[in-house]
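Asker: Attaching a single structure in structure tokens format; questions to follow.
2 protein chains.
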Amino acid sequence: MMVVVTYDVNTETPAGRRRLRNVAKICMKYGQRVQNSVFECSVTPSDYLVLKHDLAAIVDETCDSLRYYNLGSRYSSKIEHYGVRRHVPIDEVMML
Amino acid sequence: MMVVVTYDVNTETPAGRRRLRNVAKICMKYGQRVQNSVFECSVTPSDYLVLKHDLAAIVDETCDSLRYYNLGSRYSSKIEHYGVRRHVPIDEVMML
């Protein structure tokens with residue numbers, strides 16, 4: 001299934017900037033960064049539990065925010081894009 | 001139906017900062033800001049067309065990015081949150 005992860009991390013401190021990098025590193029294991037603070041992650045139900053657990057262990061819940069949007073397994077018609085692109089969608093093969 | 005709007009606007013110029021403010025202003029007509037660049041908009045199909053048209057008319061497609069995630073009408077089980085909150089969810093009444 002496809003889960004969109006969006007996050008706001010308070011980067012006023014070096015610790016915050018480290019949290020931001022680590023959030024992105026974890027999300028990258030499961031999917032693609034499509035905007036600065038938005039990842040599209042292709043996960044199994046158990047992956048999803050691990051992803052949420054790992055992210056919760058990293059962020060500071062008093063000043064950071066994580067949101068998860070579960071699009072299910074048939075998601076292509078649910079996503080639309082306008083403007084500059086940042087990534088190659090998971091299903092499309094990059095033409096070399 | 002609930003549509004999540006996420007955006008990256010290039011704010012290196014005064015024009016970019018103006019585009020960012022205007023994107024937020026338009027999204028606010030339809031829903032709630034839940035993170036810096038994330039809105040949850042409750043729209044009818046025709047609202048959705050107008051929303052996308054109005055946002056496309058504002059952003060610079062060569063350097064800005066808009067993404068829309070359509071969660072449909074039964075969306076509450078599809079959204080999860082962790083950490084600090086920014087808004088009152090549309091369905092919950094704020095206790096005064």
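One line per chain: the protein sequences are A and B, in this order. Throughout the first sequence, residue numbering follows the UniProt record's numbering, covering 1 to 96 in sequence. Throughout the second sequence, residue numbering follows the UniProt record's numbering, covering 1 to 96 in sequence. We treat Cβ as the ideally placed atom computed from N, Cα and C, and that holds for glycine. Note that this is a predicted model, so its numbers are computed, not measured.
Once DSSP output is grouped into helix, strand and coil, what is the label at B:M1?
Answerer: coil
Asker: So, with DSSP's three-state summary, where would you put B:R67?
Answerer: strand
Asker: Could you tell me which residues DSSP pairs with residue 99 of chain B in its beta bridges?
Answerer: A question about residue 99 of chain B goes unanswered here, because the residues of chain B that appear run from 1 up to 96.
Asker: Looking only at its chain, what residues have a beta carbon closer than 7 Å to the beta carbon of B:R17, apart from the 5 residues adjacent to it on each side?
Answerer: For B:R17, where only same-chain residues beyond five positions count, the Cβ hits under 7 Å are T11.
Asker: In whole angstroms, give me the CA-to-CA distance for A:V88 and B:R85.
Answerer: Unreliable positioning characterises A:V88 in this predicted model, as indicated by a pLDDT of 46, which lies under 50. The coordinate reading is nonetheless provided below. Roughly 31 Å between the two C-alpha positions.
Asker: Have a look at A:V9 and A:K25 and give me their C-alpha separation to the nearest angstrom.
Answerer: 14 Å
Asker: Put B:L96 into one of helix, strand or coil per three-state DSSP.
Answerer: With a pLDDT of 36 at B:L96, under the threshold of 50, the predicted position of this residue should be treated as unreliable, though the coordinate-derived value follows. B:L96 falls in the coil class under three-state DSSP.
Asker: For the candidate residues B:S76, B:M1 and B:L51, whose alpha-carbon lies nearest to that of residue 106 of chain A?
Answerer: Nothing in the structure corresponds to residue 106 of chain A, since chain A is present only between 1 and 96.
Asker: Of all the options B:G83, B:G72 and B:T6, which has the alpha carbon lying nearest to the alpha carbon of B:D64?
Answerer: Comparing alpha-carbon positions, the option among B:G83, B:G72 and B:T6 lying closest to B:D64 turns out to be B:T6.
Asker: Where do the N-terminal and C-terminal ends of the beta strand (DSSP E) with B:Y48 fall, by residue?
Answerer: First-last for B:Y48: P45 to I58, but that is the alpha helix (DSSP H), not the beta strand (DSSP E).
Asker: Within the continuous alpha helix (DSSP H) that includes B:R29, where are the two ends?
Answerer: This sequence places Lys at residue 29 of chain B; Arg is not what is there. No alpha helix (DSSP H) holds B:K29; DSSP gives it neither H nor E.
Asker: Which one of B:L20, B:G31 and B:T44 has the shortest CA to CA distance from B:A56?
Answerer: B:L20
Asker: In its own chain, which residues sit with a C-beta less than 6 Å from the C-beta of B:F39, not counting the 5 before and 5 after it?
Answerer: Closer than 6 Å at Cβ, skipping near neighbours: V5, C27, G31 and R33.
Asker: If you measure between the beta carbons of A:V23 and A:N70, is that distance less than 8 Å?
Answerer: no
Asker: Can you check which of these residues, A:D60, A:Y82, A:G72 and A:S73, is closest to A:A15 by C-alpha distance?
Answerer: Nearest in C-alpha terms to A:A15, of all of A:D60, A:Y82, A:G72 and A:S73, is A:D60.
Asker: According to the neighbour-count rule (16 or more other Cβ atoms, all chains shown, within 10 Å of its Cβ), is B:G72 buried or exposed?
Answerer: Counting the other CB atoms within 10 Å of its CB gives B:G72 a total below 16, which places it among the exposed residues.
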